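Undergrad: Counting the sequence shown from 1 gives a position; our numbering is that position plus 1.
Cβ coordinates follow ideal geometry from the N, Cα and C atoms, glycine included.
This structure is a prediction, so every number in the text was calculated from the model and none was measured.
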Amino acid sequence: MPHRLVALFDRRALAISGVVLLAVTMRSGVAAVSPLVELIREDFALSNTFLAVLAAIPPACFALAGLFSTVMSNHVRPERLVVGAMVLATASLVARGFVTDSVGLLVATIGLFVAVGISNIALPPLVKEYFPNRIAAATATYTTVMACATLAPPLVGGPLAAQLGWRFSLAIWAVFAALAIVPWAVLAVQSRTRGGARSTRGVTAAALRMWRHPVAWALLTIFTVAAIFAYTAFTWLPTVLAETAGVDADAAAGLLALYAAIGLPLSLLAPALARRPAAVRLMCLLAAMTGGAGLAGILLAPAFSPVLWVLLWALAGVMFPLALTLMSMRARTAAGAEGLSIFVQGCGYATAAAMTFGFGALHELSDGWVVPLLFLAVILVAVIPAGIVLGRPTTVEDRGDRRPVRGD
């Protein structure tokens with residue numbers, strides 16, 4: 002028995018260190034380019050069109066990773082998928098430090114985004130497997146680390162580039178990806194020597210079954226809306242504020258940093274409350290109300306208080322950590338969690354990519370921001386009925402029964 006306890010502790014210690022390193026890689030490398038754009042432009046051309054494409058490809062790559070994970074999940078355990086993803090991420094991050102033109106930067110960035118997408122999908126089932134009774138705490142750990150890692154490149158990337166060059170500033174984030182390989186490689190070997198704690202068979206079938214389950218559709222709804230709001234904000238919010246509220250470039254950048262910073266407390270709060278069905282319903286309702294209020298403020302009185310409107314818009318982001326937590330809580334098995342994660346993130350990111358592009362297209366067609374902002378307000382309404390469904394204590398394995406779901 003003592004040996005079993007030590008083995009369990011070692012597995013969880015490796016898993017939590019792997020989760021933290023994975024979370025740092027998933028956000029720091031992705032956020033590292035934008036603070037260095039002007040420095041990179043001194044070495045080779047980066048057109049505004051290229052930057053728009055660079056901003057739009059993350060959800061598309063994440064959706065592609067979902068398709069890849071669907072194919073591979075029946076043959077490869079998630080630990081091994083993560084190891085492969087981190088090898089790809091390490092190579093891509095190092096390559097970004099050696100590119101000589103925008104094409105090379107785009108190819109390396111696509112490789113990184115695919116690796117991040119695979120990791121996105123693998124994390125919920127891994128949390129379900131290694132922390133079945135501590136889902137909320139484990140999810141809060143990695144969502145909080147991701148929020149912090151999003152803020153790190155703007156804070157340290159510029160000073161590093163000033164001292165050592167932008168290439169070093171981009172490539173240094175490969176250290177975290179390389180370190181993340183170690184714990185997951187050890188866990189992958191351990192799972193193989195144990196004969197595999199969970200069969201990989203049936204994950205694709207589980208993902209396909211999600212099409213018939215209302216819980217999966219409700220979770221897909223809040224995840225997709227959260228992704229649309231996030232990618233729209235990071236791509237268009239500074240421009241929206243500059244053209245509607247008259248804020249200058251520095252103020253717009255500061256407001257975008259405020260938007261990102263709000264993700265930190267939300268990442269701590271949502272997983273802790275997600276185990277309470279009533280709290281899930283309330284969070285979805287408040288997300289719809291605050292997000293709608295922020296949009297209304299920008300539409301009706303943009304110059305009155307841009308800070309308040311951005312804060313309200315950002316509070317709708319509670320849906321993202323909530324969705325990540327529920328991917329583990331609304332499945333009774335690790336295979337179910339992986340199937341749910343593939344369904345929600347694969348479909349969600351594909352829809353978010355199209356909708357984020359659609360937001361910009363609506364701006365061009367209408368020659369203003371009223372129509373695209375109203376478009377966001379309309380899709381936000383769908384969060385309320387989704388919250389009602391997710392507020393029921395059921396799992397995707399249930400067929401009509403409502404057995405309690407424990408996550409902490």
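Among F344, E43, A353, V371, whose alpha-carbon lies nearest the alpha-carbon of R210?
TA: F344
Undergrad: Alpha carbons only, please: which of S48, I223, I299, W212 is nearest the one belonging to L323?
TA: I223
Undergrad: From the DSSP output, in three-state form, read off F230 for me.
TA: In the displayed model, F230 falls within a helix according to three-state DSSP.
Undergrad: Quick one: residues in its chain with C-beta nearer than 6 Å to the C-beta of L15, no 5 flanking neighbours on either side, listed in chain order?
TA: Contacts found: P184, V187, L188.
Undergrad: Could you tell me whether the segment 359-374 touches the segment 258-278, using the rule of 3 or more Cβ pairs below 8 Å?
TA: Pairwise C-beta distances place the segment 359-374 out of contact with the segment 258-278, as fewer than three of them are shorter than 8 Å.
Undergrad: Is the segment 217-236 touching the segment 387-397, taking contact as three or more C-beta pairs under 8 Å?
TA: yes
Undergrad: Would you mind stating whether A378 and G293 have Cβ atoms separated by less than 8 Å?
TA: Result yes, Cβ atoms of A378 and G293 sit closer than 8 Å.
Undergrad: Should E80 go down as buried or exposed, given a rule of 16 or more other Cβ atoms within 10 Å for buried?
TA: buried
Undergrad: Using a Cβ-Cβ cut-off of 7 Å (strictly less than) and excluding sequence neighbours within five positions of S18, which residues of its own chain qualify?
TA: P184
Undergrad: Could you give the distance in angstroms between the alpha-carbon of A353 and the alpha-carbon of G295?
TA: 20 Å
Undergrad: Can you tell me whether DSSP reads A332 as helix, strand or coil?
TA: coil
Undergrad: Just the Cα atoms here: how many angstroms apart are L265 and T145?
TA: 6 Å
Undergrad: In the structure shown, what three-state DSSP assignment does G349 receive?
TA: DSSP places G349 in helix when its eight states are reduced to three.
Undergrad: Need the endpoints of the alpha helix (DSSP H) that T1 sits in, please.
TA: In the structure as shown, the chain starts at 2 and stops at 409, and residue 1 therefore has no counterpart that could be examined.
Undergrad: Do Y260 and V311 have their CB atoms nearer than 8 Å?
TA: yes
Undergrad: Which value, in whole angstroms, describes the spacing of the CA atoms of G247 and A304?
TA: 7 Å
Undergrad: Should V190 be labelled buried (16 or more other beta-carbon atoms within 10 Å of its own) or exposed?
TA: exposed
Undergrad: Assign Q346 to one of two classes, buried (16 or more other C-beta atoms within 10 Å of its C-beta) or exposed (fewer than that).
TA: buried
Undergrad: Starting from L156, follow the alpha helix (DSSP H) in both directions and report where the run begins and ends.
TA: Here L156 belongs to no alpha helix (DSSP H), and DSSP marks it neither H nor E.
Undergrad: Would you decide whether A336 is buried or exposed? Buried here means 16 or more other CB atoms lie within 10 Å of its CB.
TA: buried
Undergrad: Just verifying my parser: in three-state terms, what is the DSSP assignment at E43?
TA: coil
Undergrad: Thinking A86 and A116 are a contact (beta carbons under 8 Å), I'd like their distance in whole angstroms, please.
TA: Right, their Cβ atoms sit about 4 Å apart.
Undergrad: In angstroms with no decimal places, state the Cα-to-Cα distance between V241 and D11.
TA: 49 Å
Undergrad: Determine the direct distance from the alpha carbon of E130 to that of V88, and round the result to whole angstroms.
TA: 23 Å
Undergrad: Can you give me the Cβ contacts of S40 inside the same chain, cut-off strictly under 6 Å, excluding the 5 residues immediately before and after it?
TA: It should be noted that the sequence gives Leu, not Ser, for residue 40. Here the set comprises A162, W167.
Undergrad: Who are the Cβ neighbours of A351 in its own chain at under 6 Å, not counting the five residues just before and after it?
TA: Closer than 6 Å at Cβ, skipping near neighbours: A64.
Undergrad: Rounded to whole angstroms, what is the Cα-Cα separation between P278 and M290?
TA: One Cα belongs to P278, the other to M290, and the distance between them is close to 19 Å.
Undergrad: Take I1 as the anchor and find which of E339, G30, V308 has the nearest alpha-carbon.
TA: Because the chain in this structure spans residues 2 to 409, residue 1 falls outside the shown range and cannot be described.
Undergrad: Just checking my contact of S192 with L37 at CB under 8 Å: how many whole Å lie between their CB atoms?
TA: In this structure, S192 and L37 do not form a Cβ contact; the two beta carbons are roughly 39 Å apart against a cut-off of 8 Å.
Undergrad: From which residue to which residue does the alpha helix (DSSP H) around V372 run?
TA: 371-381
Undergrad: What first and last residue would you give for the alpha helix (DSSP H) that runs through P278?
TA: 278-301
Undergrad: Go through its chain and collect everything with a Cβ distance to P307's Cβ below 7 Å, but skip five positions before and after it.
TA: L242, A246, V248, L256
Undergrad: Assign S48 to one of three DSSP states: helix, strand, or coil.
TA: coil
Undergrad: Based on Cα-Cα distance, which residue from A109, A92, L107, I122 lies nearest to E339?
TA: I122
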